[in-house]
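This report refers to the structure that appears directly beneath it.
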Amino acid sequence: MVRTSVLQNSVYIKLLESTKASKRAFYPASIGWRLIRTMPSSTKPTVLLIGGLTHCNDEWKSLGIKYNLLEFRKGTRDQFLENCRNGTYDAVRGCYRSNASVSVTGPFDAELISALPESWKYIAHNGAGYDNVDVNACTRRRIAVSSTPMAVDDSTADIGMFLLLGAMRQVHVPYTALRAGKWKGKAQLGHDPRGKVLGILGMGGIGRAMAKRARAFGMEIAYHNRRRLDPAIEDGARYVSFDELLSGSDVLSLNLALNSQTRHIIGAPELSRMKKGVVVVNTARGALIDEAALADALESGHVAAVGLDVFENEPEVHPGLLASDRAFLVPHLGTSTYETQRDMELLVLRNLEAVVGEGRMFTLVSEQKGLDWVPKEASLEKDEIKAEPSSLLRGNLNVLLLKSRRQGMSYLFLFVNPAISDSHAAL
10 MVRTSVLQNS VYIKLLESTK ASKRAFYPAS IGWRLIRTMP SSTKPTVLLI GGLTHCNDEW
70 KSLGIKYNLL EFRKGTRDQF LENCRNGTYD AVRGCYRSNA SVSVTGPFDA ELISALPESW
130 KYIAHNGAGY DNVDVNACTR RRIAVSSTPM AVDDSTADIG MFLLLGAMRQ VHVPYTALRA
190 GKWKGKAQLG HDPRGKVLGI LGMGGIGRAM AKRARAFGME IAYHNRRRLD PAIEDGARYV
250 SFDELLSGSD VLSLNLALNS QTRHIIGAPE LSRMKKGVVV VNTARGALID EAALADALES
310 GHVAAVGLDV FENEPEVHPG LLASDRAFLV PHLGTSTYET QRDMELLVLR NLEAVVGEGR
370 MFTLVSEQKG LDWVPKEASL EKDEIKAEPS SLLRGNLNVL LLKSRRQGMS YLFLFVNPAI
430 SDSHAAL
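Per the working numbering: the sequence shown = residues 10 to 436.
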């Protein structure tokens with residue numbers, strides 16, 4: 010292992026052997042190469058981690074090669090606001106906002122956004138949904154916001170199909186009866202998905218992943234978006250109006266973002282326009298649906314069943330939904346897989362590194378796309394998310410490792426581009 014640290018403006022190299030260790034500081038006179046100088050930390054951009062990381066702590070630390078790293082993993086909203094006032098964050102250019110940060114700072118609402126220092130230009134948010142970030146307040150401050158749509162598509166669509174099938178087959182009653190030692194209980198006959206129309210409200214990445222899975226079960230796909238998709242990516246899905254989606258769907262799947270325009274987009278009037286016996290699936294945000302109206306529609310039988318992963322006032326669940334034997338419910342598990350959680354963290358780090366270092370963002374939120382001041386949009390394929398942040402691979406960190414053996418001991422010689430800003434890196 011090689012560790013480098015600052016020693017009189019040179020690179021100090023520690024060589025570790027399984028049985029021996031040697032420490033050497035290489036200067037130009039001894040190696041015939043130009044002096045390797047480290048950039049003062051004051052010249053590095055500063056980035057802040059808010060909340061914690063579970064899978065990518067090493068990748069976060071690797072960004073220290075290029076950026077000053079600050080952390081606010083634990084604390085209170087008052088402490089965070091005080092840090093904004095007292096100058097602690099005056100140099101921060103952008104932040105990684107983790108899933109856990111709501112319990113630390115509370116929502117990134119207008120009050121908090123207004124307290125951020127003028128240097129703060131970027132929020133890299135971990136989550137496909139970002140309703141607890143006031144994007145309008147960020148836009149007024151010219152703070153760009155990114156989210157993690159691609160990373161969550163498959164796992165969320167998997168849960169969506171699980172809920173769709175469970176609701177259509179009415180599995181709640183026999184499942185709970187079996188656990189209670191009553192075999193099937195008062196099980197009802199369900200319905201097959203084949204030949205049914207799945208209406209998708211919000212045909213983004215998750216909606217398209219849902220459609221792909223539903224086709225495998227023989228379902229027909231209809232969808233509604235603000236704008237029709239390019240026919241090349243519709244893959245046979247029919248674009249219909251909102252009213253046509255409500256009236257023509259056997260199953261309605263909600264796959265859109267929550268904002269002031271979409272809150273309670275499904276309420277009593279919309280439910281009344283649906284087919285009697287419709288199944289409703291929601292894996293997006295609970296507040297897209299008026300839960301009281303949904304509970305009433307279940308009670309009346311107009312809605313045959315629901316499959317819900319999200320709820321309006323999590324962790325509370327409407328008592329009418331809990332009481333219904335036709336409600337198939339899970340507690341917000343859409344992205345609860347190791348692979349997805351890691352991909353989400355990596356995508357946030359990639360966004361943060363690209364925007365602070367190069368003025369580019371991979372997954373800018375839709376509300377800010379097209380604005381003249383936002384970072385340039387950069388393309389990123391889904392498979393590329395899994396590549397680790399590139400701080401250790403870019404051309405501005407040219408590393409040459411030469412290995413030799415002398416007198417029975419191995420030596421590693423590390424030559425680094427003198428332009429790098431490295432105060433403590435582990436390779």
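Virtual Cβ for every residue (Gly too), placed ideally from N, Cα, C.
Item to check | Environment of tyrosine 347 [buried if 16+ CB atoms lie within 10 Å] | outcome: exposed
Checklist entry - How would you call arginine 296, buried or exposed, if buried means at least 16 neighbouring beta carbons within 10 angstroms? => result In the sequence under discussion, the amino acid at residue 296 is alanine, which differs from the arginine named in the question. Counting Cβ neighbours within 10 Å, alanine 296 comes out buried, since at least 16 surround it.
Item to check | C-alpha gap between glutamine 350 and threonine 157, whole angstroms | outcome: 10 Å
Checklist entry - With a cut-off of 8 Å, do at least 3 Cβ pairs link the stretch 275-292 to the stretch 309-316? => result yes
Item to check | alanine 301 and valine 319 closer than 8 Å at C-beta | outcome: no
Next on the checklist: From the DSSP secondary-structure annotation, give me the bridge partner or partners of asparagine 322.
Outcome noted: Glu325
Checklist entry - Expressed to the nearest angstrom, what Euclidean distance is found between the alpha-carbon atoms of valine 144 and alanine 189? => result 47 Å
Next on the checklist: Bridge partners for glycine 276 per DSSP, in chain order?
Outcome noted: According to DSSP, glycine 276 bridges with nothing at all.
Checklist entry - Would you call the CB atoms of tyrosine 139 and valine 357 closer than 8 Å? => result no
Checklist entry - Does the beta-carbon distance from arginine 222 to methionine 159 come in below 8 Å? => result no
Checklist entry - Roughly how many whole angstroms lie between the Cα atoms of tyrosine 232 and arginine 247? => result 6 Å
Checklist entry - For lysine 449, which three-state DSSP category applies? => result Because the chain in this structure spans residues 10 to 436, residue 449 falls outside the shown range and cannot be described.
Checklist entry - Which value, in whole angstroms, describes the spacing of the CA atoms of alanine 386 and proline 324? => result Here the sequence assigns glutamate to residue 386, which means alanine is not the residue at that position. Roughly 35 Å separates the two Cα atoms.
Item to check | C-beta contact flag for leucine 280 and leucine 210 at 8 Å | outcome: no
Checklist entry - So, do the stretch 148-157 and the stretch 332-341 have three or more beta carbon pairs nearer to each other than 8 Å? => result no
Checklist entry - Do you know how far the Cα of glutamate 390 is from the Cα of glutamate 202? => result Strictly speaking, residue 202 in this sequence is proline, with glutamate absent from that position. Approximately 31 Å between the Cα atoms of the pair.
Next on the checklist: The beta strand (DSSP E) that contains serine 123, what's its start and end?
Outcome noted: Where serine 123 is concerned, there is no enclosing beta strand (DSSP E), although the alpha helix (DSSP H) it sits in stretches over 119-124.
Checklist entry - Can you tell which of Cys104, Pro126, Asp299 and Ser333 has its C-alpha closest to the C-alpha of asparagine 95? => result Pro126
Checklist entry - Any idea which residues DSSP pairs histidine 233 with across the strands? => result Leu210
Next on the checklist: Within 10 Å of its beta-carbon, does asparagine 426 have 16 or more other beta-carbons around it, so buried, or fewer, so exposed?
Outcome noted: Caution applies to asparagine 426, whose pLDDT of 40 falls short of 50 and renders its modelled position unreliable; the value that the coordinates give is listed next. With fewer than 16 Cβ atoms within 10 Å of its Cβ, asparagine 426 is classed as exposed.
Checklist entry - Just how far apart, CA to CA, sit glycine 368 and alanine 306? => result 49 Å
Item to check | Minimum C-alpha distance to valine 206 - residue among Gly245, Leu57 and Tyr76 | outcome: Gly245
Checklist entry - How would you label glutamate 354, buried or exposed, when you count the other beta carbons within 10 angstroms and need 16 or more for buried? => result buried
Next on the checklist: Beta-carbon within less than 7 Å of valine 383's beta-carbon, same chain only, minus the 5 sequence neighbours each way: which residues are those?
Outcome noted: Ala153, Leu373 and Gln377
Checklist entry - Is the CB-CB distance between methionine 177 and glycine 199 below 8 Å? => result yes
Checklist entry - Measuring CA to CA, which of Val364, Ser388 and Leu380 is closest to tyrosine 76? => result Val364
Item to check | Proximity winner among Met370, Ile215, Cys65 and Arg224, relative to leucine 265 (alpha-carbon distances) | outcome: Ile215
Item to check | glycine 103 - DSSP class collapsed to helix/strand/coil | outcome: strand
Next on the checklist: If the criterion is Cβ atoms closer than 8 Å, does the pair leucine 58 and arginine 82 meet it?
Outcome noted: yes
Checklist entry - Can you tell me whether DSSP reads valine 180 as helix, strand or coil? => result coil
Checklist entry - Would the beta-carbon of aspartate 299 fall within 8 Å of that of histidine 273? => result yes
Checklist entry - Cα separation between glutamine 179 and phenylalanine 251? => result 27 Å
Next on the checklist: So, at 6 Å on beta carbons, what are the nonlocal neighbours of aspartate 67 in its own chain, with the 5 sequence-adjacent residues on each side left out?
Outcome noted: none
Checklist entry - In chain order, what residues of the same chain lie with their CB nearer than 6 Å to the CB of glycine 60, ignoring the 5 residues before and after it? => result Ser107, Ala109, Ser110 and Val113
Item to check | Bridge-paired residues (DSSP) for asparagine 1 | outcome: With the chain represented from 10 up to 436, any question about residue 1 goes unanswered, as that position is not in the structure.
Item to check | Alpha carbon of aspartate 392 to alpha carbon of lysine 195, nearest angstrom | outcome: 46 Å
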